[in-house]
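A.B. asks: Read top to bottom, the protein sequences are chains E and B.
The first sequence lines up with residues 1 to 497 when you count with the numbering used here.
The second sequence lines up with residues 1001 to 1487 when you count with the numbering used here.
Using N, Cα and C, we set each Cβ at its ideal position, and we do this for glycine too.
Given the structure is predicted, the values throughout are model-derived calculations rather than measurements.
Can you keep this structure in mind? I'll have questions shortly.
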Amino acid sequence: MAMNYPILTILIFLPLAGALALVPFWRRERWAKGIAMGCAVVELALAGRLLFAAAGLPAASGAPGGYFLWEDHVWIERFGIRYTLGMDGISLLMVALTAFITLLAMLVSWRGIRERVPLHYLMLLVMESGIMGVFLAQDLFLFYLFWEVMLIPMFFLIGIWGHGRRIYSAVKFFIYTMAGSLLMLLAIIGIYLIHGARGGNYTFALHDLIGTPLDPGTALWLFAAFLFAFAIKVPVFPLHTWLPDAHTDAPTAGSVILAGLLLKTGAYGLIRFGYPLFPTAAKAVTPLLLTLAVIGIVYGSWVAYAQEDMKRLVAYSSVGHMGFVALGIAVWSPVALSGAVLQMVNHGITTGALFALVGMLDERTDTREISAYGGLWGKVPLLAFFFLLFSMASAGLPGLNNFVGEFLILAGAFRVTPVAVVIAFVGIVLPLIYTVRLVQQLLFVEERRPLTLPDLSLREGAILAVLALTAVYLGVHPAPLLGLLKVSVALLTGGLP
Amino acid sequence: METLVMPAINFAAIMPETILSIVAMVLLLLNVFVPGEQKAYLAYLSLIGIVVAFFSVVSGWNAPLPMQEGFNGSVLQDNFSLFFKAIFLISAGLAVLISDHYMVKEECNYGELYPLILFATAGMMLMASGTDLMTIFLGLEVLSVSLYVLAGYNRSNIKSNEAGLKYFLLGAFSTGFLLYGMALTYGATGTTKIAKIASAAALDATLSSNPMFVVGMLLMAVGFSFKIAAAPFHMWTPDVYEGAPTPMTAFMSAGPKAAGFAAFIRVLMVAMPTLKADWSDLLWILAVLTMTVGNIIALSQNNIKRMLAYSSIAHAGYALVGFTAGNGEGTAGILFYMLSYAFMNIGAFAIIILVGKKGEPNNNVEDYAGFGVKHPVLAMIMALFLFSLAGMPPTAGFVGKFYLFSAALKSGYVWLVVIGVLNSAASCYYYLRVMVYMYMKDPVEEFDWMKLSPAIWASIAISAVGVIVPGIVPSIILQLAQKAILL
């Protein structure tokens, strides 16, 4: 199938156009919801079409290896900034995840958001544009632009529709990430100037900058700046402190997008930009990153165990799960890297689903305290079933999606660093402990407070059913996704496809 | 008997200044006959003058050298000064647009305001195109005297009086520094012409270590630092900005600051390149102090005008980062940044004027609670200006900061840029705070006193376009700025 229209540009700017189209409807909630949902559905359809067609697409002309879609235009000539978008297997998976999770986020907030509804959907659409841009940009300046644009809607989502200390969390999230990304901007300008001074070709194009010879000291500083920005987003221990606050205080849609997508942008940034641009520096930093990843795995799970608030528990479990992704990246072997990318998708789905479930419970009873619940298995069997399923998926039960990613990461890492893997293995056991506790307290102990709550509505059931099918499918048959990743991962890790 | 040689006078070189001055004088006369409630006509007339002057600026672009030079080499209307003149005219035009509404509301619509704005603008233009220290000084005085009056324009308001008086005293003091510096420079080189100072310093290597010359440079730097409100010479700024009528605060933070930079750049880069080692160290320190002091104090401000005053100090610091770089990129960055800053800052002030009640008792950040609910479109535009001030893409503020910082990195000032970037991150806090109140707090005010006049809408719309378009497609302005650098 030939793509004779700029599908990547459409993927990025359709949601933005939708967001602008919402402005005249700021008093008509139903219309606004409809338009936003329409945009999200079209996005998902486009992404889905690409997902199924990708295997048959030839390499794009003028693009580096592994890319099957490529758009390249001059943007700001004065600085050698280009509008370059490209899609390879990794980008494709991330784009599909983005379209999927955004639609999910819209659906879960369908009833929960009652105030300033059009603005909420506008923010979700702007968010989608920004994230799509991050996953598709192949020019460092363009990437940075989308990277920053992502921040703004999330700030408003947490601050306007959040709970608890929402303003504190929103501002903390914003300043934390801003500090990281500004240092990355410096490093971007740095490598741009170094590359330009060497050959006279001042450019921000990623694939021109890859391979720029740098002296080790400079490379280390530049990589450190990139690593800092991305590690905040992932988040890598000890830069994770914004995450529990932001997740807990965000509205359900915000948590779903934060966990499902924003954390992925950090890991994606390391894979696409950090490691390829500074391979030697990255190799030098590997022991540090490995250590931090393993600490993150154990620490996140450990702290999750102690949480009384379900949302906070899921948030800390994210720190642990993303530690696995960081481990896979730090090892940088084909198997581990495929596992890391796959784990990003898996984590997006399971954690997104868990946040959605917590949101549904919260909507019904107005509390997220674990101790307030009990006996849900008998009262709301459908909801309880899905809760059990996704908890188990999150704990890495074989046959469900997370297991595949974690297994690949550990298998890939074992050859390189057995010690880290042994410790990380604890990180597989610990989630089991806290999920079992969570499931037991919520579903199976006798109810401590008389709660009357309805079971899933059709909308909620449909959301969860789709998620559950995806989780099971990825758990038993991940081969197509791994096939998509194969070429890109091989090229990145230096092997031949 | 010697024949008297007339110096070469070329009015084309000061055409925009001439136009503005003539219009201003006509307005002064007309003002006597225009009754109080019709002073808006004066605003329209002054706008016409500004537009005509703008056309003359545009037509002077890329003119051949003989056309640029005038008054025996005392003024030079090169692209550098033309770019600055465009900035001055834009800020003057926007200031006029937002003035009428405010002056009617505050019941101080006396009418002299518009001629004074035009005189101030003519003074700024002379500063930008002056190639003789005396011309620069002349321009500076025309500007300053007009500004002293403008700051104290709301004469029934005690804070405005205070602002005018404070500005006058400190301004006069700083002018003394500047003039003393000029005198010492004249003493060391025997000339006040910028080009001749440069050639004298180039010919005589001992001049660079001549204390008289170096101290002259330092004193002039102090004088200009007052004008651009660089720390530690910024003390006048918060009180004056808070007390002055809001449209004049907007005007002062955009135009005169740019004018200060124009003269500062020309004097240091063209007249004193031999002292570059000295003044780039000096600028480094000034930049760090200015950014840090401005941002840190802005963090704790509650009054939004005062907060923007400190933020404007910080922004002068970012521009100084580009100046420290001492290369063409840095100069072009300052040009771009000053233009963007005029749009975003005056735009923000326009909204502050709209929100303010008579006497402006509600200028605190808390008074913006719920603004985003009551006036979604205005709040969105305000958020745009604030994000631009914070340097978020895709706005002009981001491109400008990017330009300045990359220029400094190119010259090797890594630590300076790191400090700048950290400052920039810290500054997000106080801009976000306004947005927190606008969007995330429940409304306490009804905002029902707000009346939208077409003029103020126009200024907000122009500013918004001026912030967003260069943020997305900056190429045209970047090219103009690149052609406007000295050397």
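When you compare the CB positions of residue 299(E) and residue 242(E), do they come within less than 8 Å of one another, or not?
C.D. replies: Not closer than 8 Å, so no.
A.B. asks: Is residue 428(E) near residue 406(E), with beta carbons less than 8 Å apart?
C.D. replies: In contact: residue 428(E) and residue 406(E) (Cβ atoms closer than 8 Å).
A.B. asks: Take residue 1225(B) and list the residues in its own chain whose beta-carbon comes closer than 6 Å to its own, dropping the five residues that flank it on each side.
C.D. replies: The residues are 1233.
A.B. asks: If we require 4 or more residues per run, which alpha helix (DSSP H) segments fall completely within the region 1024–1082 of chain B?
C.D. replies: Those alpha helix (DSSP H) runs which fall completely within the region 1024–1082 of chain B and span 4+ residues are 1040–1060, 1065–1068.
A.B. asks: Quick one: is residue 1418(B) near chain E, going by C-beta distance under 8 Å?
C.D. replies: Chain E, which has a Cβ nearer than 8 Å to the Cβ of residue 1418(B), makes this yes.
A.B. asks: What does the Cβ neighbour count give for residue 213(E), buried or exposed, with the cut at 16 atoms within 10 Å?
C.D. replies: The residue in question, residue 213(E), is exposed, as its Cβ has fewer than 16 Cβ neighbours within 10 Å.
A.B. asks: If contacts are defined as beta-carbon pairs under 8 Å, then residue 1385(B) and residue 1344(B) qualify, I think. What distance do you get, rounded to the angstrom?
C.D. replies: The pair is a contact, with the Cβ atoms about 5 Å apart (cut-off 8 Å).
A.B. asks: Measuring CB to CB, does residue 332(E) end up less than 8 Å from residue 275(E)?
C.D. replies: Yes, these two residues count as a Cβ contact at 8 Å.
A.B. asks: Applying the criterion that 16 or more other CB atoms from any shown protein chain within 10 Å of the CB defines a buried residue, is residue 483(E) buried or exposed?
C.D. replies: By the 10 Å Cβ count, residue 483(E) comes out exposed.
A.B. asks: With 8 Å as the threshold, decide whether the Cβ of residue 1166(B) is near any Cβ in chain E.
C.D. replies: So no, residue 1166(B) is outside the interface.
A.B. asks: Would you say the beta carbon of residue 262(E) comes nearer than 7 Å to a heavy atom of the ligand PLP?
C.D. replies: Only the bare structure without any ligand can be found here, which leaves the ligand PLP out of the picture.
A.B. asks: Could you tell me whether the Cβ atoms of residue 1249(B) and residue 1371(B) are closer together than 8 Å?
C.D. replies: Taking 8 Å as the Cβ cut-off, residue 1249(B) and residue 1371(B) do not qualify as a contacting pair.
A.B. asks: In chain order, what residues of the same chain lie with their CB nearer than 6 Å to the CB of residue 497(E), ignoring the 5 residues before and after it?
C.D. replies: Caution applies to residue 497(E), whose pLDDT of 35 falls short of 50 and renders its modelled position unreliable; the value that the coordinates give is listed next. Excluding residues within five positions, the ones whose Cβ falls inside 6 Å are 487, 490.
A.B. asks: Does DSSP classify residue 320(E) as helix, strand or coil?
C.D. replies: Helix.
A.B. asks: My output table needs one value for residue 1357(B): the three-state DSSP class, helix, strand or coil.
C.D. replies: If DSSP states are grouped into helix, strand and coil, residue 1357(B) belongs with coil.
A.B. asks: For a minimum of 3 consecutive residues, which ranges assigned as the beta strand (DSSP E) are wholly contained in the region 54–116 of chain E?
C.D. replies: DSSP runs (the beta strand (DSSP E)) wholly in the region 54–116 of chain E: 69–76, 81–87.
A.B. asks: So, are the CB atoms of residue 505(E) and residue 342(E) less than 8 Å apart?
C.D. replies: A question about residue 505(E) goes unanswered here, because the residues of chain E that appear run from 1 up to 497.
A.B. asks: As a quick exercise: from 1205(B), 1391(B), 1199(B), pick the residue whose alpha carbon is nearest that of residue 1341(B).
C.D. replies: For the residues 1205(B), 1391(B), 1199(B), the minimum Cα distance to residue 1341(B) belongs to 1391(B).
A.B. asks: Closer than 7 Å between beta carbons: that is the criterion. Which residues of the region 223–239 of chain E meet it against chain D?
C.D. replies: This model lacks chain D altogether; the protein chains it does include are E and B.
A.B. asks: Count the other CB atoms, across all protein chains shown, that sit within 10 Å of the CB of residue 1(E); report buried if there are 16 or more and exposed otherwise.
C.D. replies: Because residue 1(E) sits at a pLDDT of 46, beneath the cut-off of 50, its placement in the model cannot be relied upon, and the following sentence gives the value as read from the coordinates. Answer is exposed; the Cβ neighbour count stays below 16.
A.B. asks: Hey, does residue 76(E) have any beta-carbon neighbour from chain B nearer than 8 Å?
C.D. replies: Closer than 8 Å: yes.
A.B. asks: Indicate whether at least one CB of chain B lies closer than 8 Å to the CB of residue 1(E).
C.D. replies: Any reading at residue 1(E) needs caution, since the residue's pLDDT is 46, under 50, leaving its predicted position unreliable; the model's value is listed next. Residue 1(E) does not count as touching chain B.
A.B. asks: Find the residues of chain E that neighbour residue 1478(B), judging by a C-beta separation of less than 9 Å, and give them in chain order.
C.D. replies: In chain order: 76, 77, 78, 79.
A.B. asks: For residue 8(E), count neighbouring C-beta atoms within 10 Å of its own C-beta (all shown protein chains included) and say buried if the count is 16 or more, exposed if not.
C.D. replies: It is buried - the Cβ of residue 8(E) has at least 16 other Cβ atoms within 10 Å.
A.B. asks: Roughly how many whole angstroms lie between the Cα atoms of residue 130(E) and residue 1312(B)?
C.D. replies: One C-alpha to the other measures close to 30 Å.
A.B. asks: Quick check: what's the CA-CA separation for residue 1320(B) versus residue 1411(B)?
C.D. replies: Looking at the two C-alpha atoms, the distance is approximately 14 Å.
A.B. asks: Can you find a C-beta in chain B that's less than 8 Å from the C-beta of residue 167(E)?
C.D. replies: Output row for residue 167(E): interface = yes.
A.B. asks: From the DSSP output, which residues share a beta bridge with residue 362(E)?
C.D. replies: Bridge partners of residue 362(E): none, in fact.
A.B. asks: Tell me which residues of the region 1426–1450 of chain B have at least one Cβ-Cβ distance to chain E shorter than 9 Å, keeping chain order.
C.D. replies: So the list reads 1426, 1428, 1429, 1432, 1433, 1435, 1436, 1439, 1440, 1441, given in the order they occur along the chain.
A.B. asks: Can the beta-carbon of residue 1247(B) be found closer than 8 Å to that of residue 1114(B)?
C.D. replies: In this structure, residue 1114(B) does not lie closer than 8 Å to residue 1247(B) by Cβ.
A.B. asks: Can you give the Cα-Cα distance for residue 477(E) and residue 386(E), rounded to whole angstroms?
C.D. replies: About 20 Å.
A.B. asks: Any C-beta of chain B within less than 9 Å: which residues of the region 25–46 of chain E qualify?
C.D. replies: So the close ones are 26.
A.B. asks: By the criterion of Cβ-Cβ separation under 9 Å, what are the contact partners of residue 1011(B) in chain E?
C.D. replies: Within 9 Å Cβ-Cβ: nothing; residue 1011(B) doesn't reach chain E, min ~35 Å.
A.B. asks: Counting only runs that start and end within the region 1181–1260 of chain B, where is the alpha helix (DSSP H) found for 4 or more residues in a row?
C.D. replies: Within the region 1181–1260 of chain B, the complete alpha helix (DSSP H) runs of at least 4 residues are 1194–1203, 1211–1228, 1236–1243.
A.B. asks: DSSP three-state call for residue 250(E): helix, strand or coil?
C.D. replies: DSSP places residue 250(E) in coil when its eight states are reduced to three.
A.B. asks: Leaving out five residues before and five after residue 1280(B) in sequence, what residues of the same chain have Cβ atoms less than 6 Å from its Cβ?
C.D. replies: Same-chain partners within the cutoff: 1324, 1326.
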